[in-house]
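Data first, discussion second: the structure below is written as structure tokens.
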Amino acid sequence: MTRVILTAQVEDLEKWERGFRSHVELFRSMGVQQSIQYTMVAPNTIAITSEVADIGKYLKMLQSPETAAAMDVDGAIKETVQVFVLDKVVEL
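In our numbering, the protein residues as written are 32 to 123.
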């Protein structure tokens with residue numbers, strides 16, 4: 032499993048959250064395996080973390096027309112999206 036963090040600016044936090052929660056099937060098609068954790072920071076920033084089975088599939092789906100359409104509906108500002116693939120671990 033690979034952990035991914037995605038950040039973006041959105042037009043409206045409440046609108047984004049309503050839309051985001053409606054895309055469960057899209058997340059499954061991206062290879063997201065477990066619950067998605069997220070936070071919203073005023074005035075318009077979101078951060079999402081998830082674990083994916085196939086990072087290549089996830090990144091490809093992130094660029095798909097389906098994802099673009101979902102982002103449009105949710106009011107995500109595509110030009111602000113940043114994706115961080117976590118590839119380092121500190122063992123305790």
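Don't be surprised by glycine CBs; every beta carbon is placed ideally from N, CA and C.
Residue i (DSSP reduced to helix, strand or coil)
i      : result
Glu122 : coil
Ala101 : helix
Pro74  : coil
Arg49  : helix
Short Cβ contact (7 Å threshold) for residue i with residue j
i      : j     : result
Val35  : Ser81 : yes
Gln64  : Ala78 : no
Val114 : Leu57 : no
Gly62  : Tyr89 : yes
Residue i - partner residues in DSSP beta bridges
i      : result
Phe115 : Ile36
Val41  : Ala107
Gln68  : Thr80
Val63  : Val83
Inter-residue Cα distance where the pair is residue i and residue j
i      : j      : result
Leu117 : Thr33  : 7 Å
Glu124 : Val55  : This structure cannot speak to residue 124, because the chain is shown only from 32 to 123.
Ala101 : Thr111 : 15 Å
If we count Cβ pairs, one from each stretch, closer than 8 Å, do we get three or more for the stretch 105-116 versus the stretch 40-49?
yes
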